[in-house]
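**Student:** Dropping the structure in here first, questions after.
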Amino acid sequence: MPRLIVISNRLPLGDAPSGGLVVALEEALTASGGLWIGSYGIAKAPAPALTKHPGANFERATFDLTEAEHEGYYLGYANSVLWPICHGRADLIEIQPDHLDTYRAVNARVARLTAEILEPDDIIWVQDYHFLPLATELRKLGARNHIGFFLHIPFPSPQDLATLPNAAEVLNWLADFTLIGLQTNRDVFNLRDCTRQLTDAEDVEDGLIHLGHRTLNVAAFPIGIDVAAFTKDARNADPDDRIRFLTGAALMIGVDRLDYSKGLPQRFRAFGQLLEDHEELHEKIAFLQIAPPTRGEMQAYQDIREETEHLAGRINGRFAALNWTPIRYIHRAIPREVLAGLFAQARIGLVTPLADGMNLVAKEYVAAQDPSDPGVLILSRFAGAAEEMEAALQINPHDAYETSEAIATALKMPLEERQQRHTALLEAITKHDVKWWSRTFLEALANTA
Ligand code: GDG
Numbered sequence: 013m014p015r016l017i018v019i020s021n022r023l024p025l026g027d028a029p030s031g032g033l034v035v036a037l038e039e040a041l042t043a044s045g046g047l048w049i050g051s052y053g054i055a056k057a058p059a060p061a062l063t064k065h066p067g068a069n070f071e072r073a074t075f076d077l078t079e080a081e082h083e084g085y086y087l088g089y090a091n092s093v094l095w096p097i098c099h100g101r102a103d104l105i106e107i108q109p110d111h112l113d114t115y116r117a118v119n120a121r122v123a124r125l126t127a128e129i130l131e132p133d134d135i136i137w138v139q140d141y142h143f144l145p146l147a148t149e150l151r152k153l154g155a156r157n158h159i160g161f162f163l164h165i166p167f168p169s170p171q172d173l174a175t176l177p178n179a180a181e182v183l184n185w186l187a188d189f190t191l192i193g194l195q196t197n198r199d200v201f202n203l204r205d206c207t208r209q210l211t212d213a214e215d216v217e218d219g220l221i222h223l224g225h226r227t228l229n230v231a232a233f234p235i236g237i238d239v240a241a242f243t244k245d246a247r248n249a250d251p252d253d254r255i256r257f258l259t260g261a262a263l264m265i266g267v268d269r270l271d272y273s274k275g276l277p278q279r280f281r282a283f284g285q286l287l288e289d290h291e292e293l294h295e296k297i298a299f300l301q302i303a304p305p306t307r308g309e310m311q312a313y314q315d316i317r318e319e320t321e322h323l324a325g326r327i328n329g330r331f332a333a334l335n336w337t338p339i340r341y342i343h344r345a346i347p348r349e350v351l352a353g354l355f356a357q358a359r360i361g362l363v364t365p366l367a368d369g370m371n372l373v374a375k376e377y378v379a380a381q382d383p384s385d386p387g388v389l390i391l392s393r394f395a396g397a398a399e400e401m402e403a404a405l406q407i408n409p410h411d412a413y414e415t416s417e418a419i420a421t422a423l424k425m426p427l428e429e430r431q432q433r434h435t436a437l438l439e440a441i442t443k444h445d446v447k448w449w450s451r452t453f454l455e456a457l458a459n460t461a
C-alpha cells in the first residue's frame, strides 16, 4: 500500500478529542504508515526542515510561519481574498500584491520541505484553499506522484472568481492536481464554468476539459461526520450539562464559528420577526446561539461580532420577560460532549449560512436526535448540505419572513412528520459519512491516471 501524505494548514496536535478530519484520515494514514504535514506556530526564522512530532498512530511533521507569512499568506491572501470570494463576498476582498507573493512563497517552501521526504509512489492529499499552488510547486520540483486536492469551502461563480487579479493562474494551479474534490455538484459546475470562461481551456468529448496539456479531473465528494460516534456522544451527554430553567419553552439551537458566511445577523432578524408576528410563541421558544470566536484579528470579523451582539441585545431588550430570555448568545467554544447533549435537547436546529461548503453542524444535529421524538432541522438552501438533506425544512436565509415561518412550522410539526423527515435525513448522512468520504476520494485518486 503506498504511503499517504496529508497536507493541511493546521496539524492536529495534542490530546484534544479527535476532529472530523482526523477520524476520516486516521485509518488510511495508520494503515499506510502515513504522514500528516501542517503549520505549527509563528517563528522568527522557520526551521530549514520539517519538525517531527511523535505520539500518534501515524507520523506528524510541522513547518513554522514567520509573522509576515502569517499576515500575508494566512490572514491576507487565504482569508482576506480567497475566503470572501468563495463565499460570495467579493465586496470584502482586500487585494494586496505582496500578500499573493507571500502566499506563493509559503506554498513553494511547503513543496520544497515535502519534496525532501517524498518517495516516488507516495500519494499526497492536500486540504483546502491555503494550498492551491502546491501541486504546481511540487511538479516544478519533479514530483510525478498522484496529488489529490479537496476544497472544503464553496467553489465561486465565474463572476466572483473574476474579481481575482490572477483568476486564470488559480485555475491553472488546480489543473496540476491529479484529482480535485469539491463538496457538491454545484461546486463542480462552477469550477467547470470558471475554467471555460476565464482560461483558454478546450472542451473535448465526454465533458472533459483540457487546460494546456493537462485534463481537469474534478468530482463532488460531499464530506460527512462520524454518525455513530456523534450519536453516542449525544446519548451519553451529562444531563447536568443541558439547559435547565427552560420553563416550558422549546429549545432552538445554532452553532457556528462567528463568521460572516454563517448568516448570524439574518438569523437573529428572522427570530425577531417571529416574535414580532407570533405573540402566542412568546415564552414558548428559547434560542441558544453558540458562536465561538474565529480570526478575531481581522476587521470583517470584528464587524460581524459587533453586529451580532447588537442584534441579540436589541431583540432581548425588546421581548424579554422576567422569566424568559429569548436569545442566549455565547461567544466561546463549548466542549464537544456538551454540544452533542444540547443538540439532542433542542427541538429545532437552525443552520442558515449565506454560503457554506457543506456544514457539518446540520449533520451533527440530525445524528444527535432521538428517533422516537426527533427535532426539526431548518437548513439554508445555500449550505452544501442542502444537496443531500432534502428532508430538512429548507429556507432562503436572506428572507426573514420565510425563515421565521419555518420556525413556527417546526414548532407545530406533528410527531409523524418529524419522524419521517428524520429517518430520511439520518439515511442521507449515514450513506455519506466521513469514512465514505475519505475512502471514496482516495479510491478515485488512485484510479485517476
Ligand atoms: C469548513 C467549511 C465544511 C463549532 N462550534 C463549536 C464546535 N464546532 C464544530 C462543529 C462542527 C465544526 O466545528 C464546524 O464545521 P462546519 O462544517 O459547520 O463549518 P466550518 O468550520 O466553516 O468548516 C464547511 C467543513 O469545513 C468540512 O469540510 O462543512 O462548509 O466552511 O463539527 O460541531 N465544536 C466544539 N465547540 C464549539 O463551540 N467542541
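Residue numbers for the sequence shown follow this note's numbering, so the first one is 13 and each next one is one higher.
For glycine and all other residues, C-beta sits at the position ideal for the given N, C-alpha and C.
Treat the numbers as computed from the prediction; the structure is a model and nothing was measured.
1) Can you tell me which residues form a DSSP beta bridge with His158?
2) Please list, in chain order, all residues of the same chain as Leu87 whose beta carbon is under 8 Å from its beta carbon, the five residues on each side excluded.
3) Between the alpha carbons of Leu11 and Lys64, how many angstroms are there, rounded?
4) Any heavy atom of the ligand GDG inside 8 Å of the beta-carbon of Met425?
5) Alpha carbon to alpha carbon, what distance is there between Ala147 and Leu16?
6) If Phe143 sits next to Ile49, beta carbons under 8 Å apart, how far is it from one beta carbon to the other, in whole angstroms?
7) Can you name, in chain order, every residue of its own chain whose Cβ lies under 6 Å from the Cβ of Ala356, other than the five neighbours on each side?
8) Could you pull out every residue in the same chain whose Cβ sits closer than 7 Å to the Cβ of Ala155, ignoring the five residues on either side in sequence?
9) Leaving aside the five residues before and after Val239 along the sequence, list all residues of the same chain whose C-beta is less than 7 Å from its C-beta, in chain order.
10) Is any heavy atom of the ligand GDG found at a distance shorter than 8 Å from the C-beta of Pro96?
11) Quick one: measure Cβ to Cβ for Phe70 and Leu62, integer angstroms, because I've assumed they're closer than 8 Å.
12) Hey, is Met310 close to the ligand ATP, as in C-beta under 8 Å from one of its heavy atoms?
13) Taking only heavy atoms of the ligand GDG into account, decide whether any of them is closer than 8 Å to the Cβ of Pro304.
14) Under 6 Å Cβ to Cβ from Ser416, same chain only, skipping five residues before and after it: list those, please.
15) The alpha helix (DSSP H) spanning Arg326 covers which residue range?
16) Should Met370 be listed as close to the ligand GDG, given that the test is whether its C-beta is under 8 Å from any heavy atom?
17) Taking Thr148 as part of the alpha helix (DSSP H), name the residues at either end of that continuous run.
18) Does the separation of the CB atoms of Met264 and Arg330 fall below 9 Å?
19) State yes or no: is the C-beta of Leu391 within less than 9 Å of the C-beta of Gly100?
20) Where does Gln139 land, buried or exposed, given buried means 16+ other C-beta within 10 angstroms?
21) Evaluate Lys473 with the Cβ neighbour count: other Cβ atoms within 10 Å of its Cβ, from every protein chain shown; 16 or more gives buried, anything less gives exposed.
22) Suppose the cutoff is 7 Å on Cβ atoms and the five residues either side in sequence are ignored; what does the same chain contact list for Glu81 look like?
**Tutor:** Once the coordinates are examined:
1) Numbered from its first residue, the sequence shown carries residue 158 at position 146. In the DSSP output, where bridge partners are listed per residue, His158 has Ile135.
2) Position 75 of the sequence shown holds residue 87. Around Leu87: Arg307, Glu309 and Met310.
3) Nothing in the structure corresponds to residue 11, since the chain is present only between 13 and 461.
4) The residue you call residue 425 lines up with position 413 of the sequence shown. For Met425, the shortest separation between its Cβ and any heavy atom of the ligand GDG does not lie below 8 Å.
5) Mapped onto the sequence shown, residue 16 falls at position 4. Mapped onto the sequence shown, residue 147 falls at position 135. The alpha-carbon atoms of Leu16 and Ala147 are separated by roughly 15 Å.
6) Your numbering for residue 143 matches position 131 in the sequence shown. Your numbering for residue 49 matches position 37 in the sequence shown. In fact, because the Cβ distance is near 10 Å, the residues do not count as touching under 8 Å.
7) For the purposes of this step, residue 356 is taken as residue 344 along the sequence shown, with counting starting at 1. So the qualifying residues of the chain are Ala246 and Ala380.
8) Looking up residue 155 in the sequence shown gives position 143. Around Ala155: Ala127 and Leu130.
9) The count along the sequence shown starts at 1 and reaches residue 239 at position 227. Setting aside the 5 residues that flank it on each side, Val239 is surrounded in the same chain by Ala379, Ile441, Thr442 and Asp445, each with a C-beta closer than 7 Å to its C-beta; the list follows chain order.
10) Locating residue 96 in the sequence shown gives position 84, counting from the first residue. Incorrect: Pro96 has no Cβ contact closer than 8 Å to the ligand GDG.
11) As a working mapping, residue 70 is identified with position 58 in the sequence shown. As a working mapping, residue 62 is identified with position 50 in the sequence shown. So it is not a contact: roughly 14 Å between Cβ atoms.
12) What this structure holds is the ligand GDG, not the ligand ATP.
13) Within the sequence shown, numbered from 1, the residue matching residue 304 stands at position 292. It does: the Cβ of Pro304 is within 8 Å (strictly closer) of some heavy atom of the ligand GDG.
14) Numbered from 1 along the sequence shown, position 404 holds the residue referred to as residue 416. So the list reads Ala282, Gln285 and Leu286, once near-sequence residues are dropped.
15) What you label residue 326 is simply residue 314 of the sequence shown in a count that begins at 1. First-last of the alpha helix (DSSP H) with Arg326: Gln311 to Phe331.
16) The count along the sequence shown starts at 1 and reaches residue 370 at position 358. Within the chosen limit of 8 Å, the ligand GDG reaches the beta carbon of Met370 through at least one heavy atom.
17) Here residue 148 corresponds to residue number 136 of the sequence shown, with the count starting at 1. Under the DSSP assignment, Thr148 falls in the alpha helix (DSSP H) whose first and last residues are Leu146 to Lys152.
18) For the purposes of this step, residue 264 is taken as the residue at position 252 of the sequence shown. For the purposes of this step, residue 330 is taken as the residue at position 318 of the sequence shown. Not in contact: Met264 and Arg330 (Cβ atoms no closer than 9 Å).
19) Within the sequence shown, numbered from 1, the residue matching residue 391 stands at position 379. Within the sequence shown, numbered from 1, the residue matching residue 100 stands at position 88. Taking C-beta atoms as the reference points, Leu391 and Gly100 fail to come closer than 9 Å.
20) Within the sequence shown, the letter at position 127 stands for residue 139. Flag for Gln139 reads buried.
21) Summary: the structure shown does not reach residue 473, with the chain confined to residues 13 through 461, and so no result is reported for it.
22) Here residue 81 is taken as the residue at index 69 of the sequence shown, counted from 1. Within its own chain, the residues whose Cβ lies closer than 7 Å to the Cβ of Glu81, once the five positions on either side in sequence are excluded, are Thr114 and Val118, listed in chain order.
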